[in-house]
Amino acid sequence: MTKFAFNSRRKKIFGLLGGVVCVAIIITCLVLFLPKYPNDSTTPSSGFGIIAGSAANHVITDVVETPFSTYQPQSLSYTPAISPTEIQANLGNVDLQGLTVSLDVQKQLEQYGFALVDEGYEDLYEIYDYYSEKPMFVTTDLCLHSYHVLYDISLRLLEQQFFFQGFETMLLALREDQLAQITIVSSPLIQDALTRNVAYLSVMLYLLNNTNTIPSAVYDLSLAELERINAQEVAPSPIFGYVEDYTQYKVRGHYTKTELLSNYFKSMMYAGRMGFLLEGANGNIEMGINHTRMALLLLSSFDTTINAETVWDHWDRLYQPTAFYVGSSDDLTPREYYQLWQTAGAPAGDALANSTLIEGFIVEAQEYRDPAINSMFVDVADVKVTKGFRLLGQRFIPDSYIFQQLVYPHVNFRFLPNGLDIFSVFGSVQAAYHLYSENEAHPNYSPQIHQLRDQFGNLTDNDWTQNLYWSWLYSLFPLLRNATEGYPGFMLSGAWTDKALMTTMGSWAELRHDTLLYAKQSYGLLSLISPPKGYVEPYPEVYARLGSLVRYMKTGLETRGLIIPHFHEKLTELAAIFDRLVGLSIKELEAEPLTEDDLSFIVHIGDDLAGIVRYYDPSLTLGETEKRTAIIADVHTDPNNGEVLEVATGDPLVIYVVVQDHKGDLRLTRGGTFSYYEFVQPIDNRLSDEEWHQLLDTNPPNMPDWILSLDPLLLPELLVISVEIRKP
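Residues 435 to 1162, numbered by the working numbering, are exactly what the sequence shown covers, in order.
What follows is the structure, given as structure tokens:
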């Protein structure tokens, strides 16, 4: 069994060293390993480990009205007042509360106040089993994971109960009208464009349900496209003519659970990725004209009625909720094209055979916003050719944008990003420290980071509450701060800062996993009479922001009539738990005593949260694969080397923490945290959760170096990675 704690500096030096030698080594380490902050925006703010002016400093204090819902922040006021009690040798002054730990864990507890241990758990909730009668340490990991589970389940339920049928109905109506138009037009150009549109729609319909027949006129063309999708290789599209990365159509995330979800994944991926371009590669104007003609002909069918509703009604019911969950399309939408088309007089049918008319439309459309994220296989010189219309385009997400800005060609010869890039841009000093070598390896990396940091540092309340995705990221920011005077002793080392950073990265990996289908991936270019005395990891801002996020989600769904049985009650219960954790963590920080009721709440929280995410309908129950905390998502594609960057959470770790009560008395508690992985896979082997679990069980990759270090010291039961130098 491998057990470990953290390092943010260098390995512990064992052996007897003379005083002079020790001093020399310490001075050398300070010179070599401490980050070198220039006198600019990267200078950390006083004591908090967040770079001045960066996004992580942003605090929402006013109610924000958004197109989806109302975001209501909680106003917190407290003064940390803990005077840490020194831990004696052999934990002599610590009440173990019935817990038994090894000597190696004991040493870590003596030195840092906490230790992380792999005890073989696969489900985070198991660690918080009420019947274990263990003194609970309630972690932010547990709370973030619980939100992830409900977010993921709710999205899955919406897809099964609302989106699938609505998507199919919309596609059938569009195809029927496009087929009808073929019979009344005379221009060969228009007939060819309509035929390709019918093939395009038939591919999505067949992917949704293979009982949807393919019209004979487009059978061969549709079949050729379907064969490309099934082959999952990089190849030219028979319908559109440009190169498509068909490896993206491998079913991943929660979409492997049922055949319906798998089919929905592939069909929606096609709708999100395949675009009608304004210009072809290498200046291929003809491709742009043909694609734009197809797009305008498709738009002409959006006014088709279906049981007193139009295609637009169905499109809105698909687009708006997914925009609430993930974000707005990074590509031009049917609404934007329709506006331009109406301005041009809404030409349709044979009138669109006029290439001059199409070229005029292209000129106008080029004035509209450019996509911020490239998700196609294109050369540097052709990056602008990705602009165009997509039926349900994949969404702009800030992390994919950051990734694309920090790889080639923006950063020379850097073809894959690092997950730490995201939180370095958001302002984490710790993340920036771990990425210090990038400045030397890639001279233009630092200027890009500075530019992005300024850009995100200037965002507003409306930006951070524009949808659930952005608000989830905002909820993580308090974890990036270093604890200061008045906080518990176990939070005052650089080791804890790394633990908090791993929690942040783990939650971000869950976010990317949940939104894998819709998020636009960048391309280069989760009753005892006397209860044990537990403790809440004191991050009141995290719990407050999670509470606001849950209420934001609930009202947004209610506004759109997307009522899922029992789900809204679960959101109400989850928000109430987060509110209670805000109060408990403030009590702890202000050295106030926890009541018997408080301690009882902590004892039961694991079962309470597990109950909230549990469904009794067999079709909604989490399978064994989903109960396992480990998930994976590919987040960036490098077309140059045929690789993808995977980020993942592994099996949960047990964390032992020495906490103190309002009297200064110490006791030992136990909880669970994320583990985090990041590694490269071949482009044709993007991993599903099931494949990730198999890899974890047979040949797991190493965790990132900033977690495990390059040359860790493996003891019989504990991998010790100590921290001896605290950054400013």
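Virtual Cβ for every residue (Gly too), placed ideally from N, Cα, C.
For PHE890, the enclosing alpha helix (DSSP H) stretches over residues 879 to 891.
Counting C-beta atoms within 10 angstroms of its own C-beta, LYS1097 has fewer than 16 neighbours from the protein chains shown and is therefore classed as exposed. Relative to the Cα of VAL984, the nearest Cα in the group HIS844, VAL1093, HIS1002 belongs to HIS1002. Taking C-alpha positions only, LEU732 is separated from ASN741 by approximately 20 Å.
Three or more Cβ pairs drawn from the segment 724 to 731 and the segment 625 to 639 lie within less than 8 Å of each other, which places the two stretches in contact. As the crow flies, the alpha-carbon of ASP679 is around 13 Å from that of PRO1116. Sixteen is the threshold: when 16 or more other Cβ atoms of the shown chains lie within 10 Å of the Cβ of GLN900, as they do, the residue is buried.
Close CB contacts of PRO974 within its chain, under the 6 Å cut and outside five residues either way in sequence, are with LEU510, VAL1016, SER1019, ILE1020 (chain order).
Note: ASP529 is bridge-paired with ARG1101 in the DSSP secondary-structure output. By the criterion of a C-beta distance shorter than 6 Å, TYR908 is surrounded in its chain by TRP898, once the five residues flanking it on both sides are discounted. Under the DSSP assignment, VAL677 falls in the beta strand (DSSP E) whose first and last residues are 677 to 679. Within a 10 Å sphere around the beta-carbon of SER517 sit fewer than 16 other beta-carbons, which makes this residue exposed. Straight through space, the alpha carbons of GLY709 and SER762 are spaced by roughly 16 Å. Take the alpha-carbon of GLY675 and the one of HIS884: they are about 39 Å apart. THR574 sits close to THR937, with the two beta carbons spaced by under 8 Å. Look at ASN788 here: in three-state DSSP terms it is coil, with no helix or strand label. Apart from sequence neighbours up to five positions away, the residues of its chain that approach ALA780 with a beta-carbon distance below 8 Å are SER734, ordered along the chain. PHE857 is not bridged by DSSP to any residue.
Secondary structure note for VAL1069: its beta strand (DSSP E) is the uninterrupted segment 1065 to 1072.
When DSSP states are grouped into helix, strand and coil, ILE719 belongs to the helix group. Under the three-state reduction of DSSP, GLU1080 is assigned to strand. Here SER905 is buried, its C-beta having at least 16 other C-beta atoms within 10 Å. Scanning its chain for C-beta atoms nearer than 8 Å, with the 5 sequence neighbours on each side dropped, one finds around ASN873 the residues TYR879, SER880, in chain order. Secondary structure at GLN1115: strand, using DSSP grouped into helix, strand and coil. Contact between the segment 556 to 571 and the segment 519 to 539 is established, with three or more Cβ pairs separated by less than 8 Å. The DSSP-derived three-state label of PHE710 is strand. In the DSSP annotation of this structure, the continuous segment of the beta strand (DSSP E) that includes VAL1088 starts and ends at 1087 to 1094. With respect to the 8 Å criterion, LEU951 and MET702 are classified as neighbours on the basis of their beta carbons. Residue range 974 to 993 is occupied by the alpha helix (DSSP H) that includes VAL984. Secondary structure at ALA669: strand, using DSSP grouped into helix, strand and coil. Classified as exposed, HIS1000 has fewer than 16 neighbouring CB atoms from the shown chains inside 10 Å of its CB.
According to the DSSP assignment, PHE548 belongs to the beta strand (DSSP E) that extends over 548 to 551. As a beta-bridge residue in DSSP terms, VAL572 pairs with VAL970. Per DSSP, the continuous alpha helix (DSSP H) segment holding PRO755 begins and ends at 745 to 759. By the neighbour-count criterion, in which a residue is buried when 16 or more other Cβ atoms sit within 10 angstroms of its Cβ, ASP1032 is buried. Taking 8 Å as the cut-off, the beta carbon of VAL685 is found closer than this to the beta carbon of SER1122.
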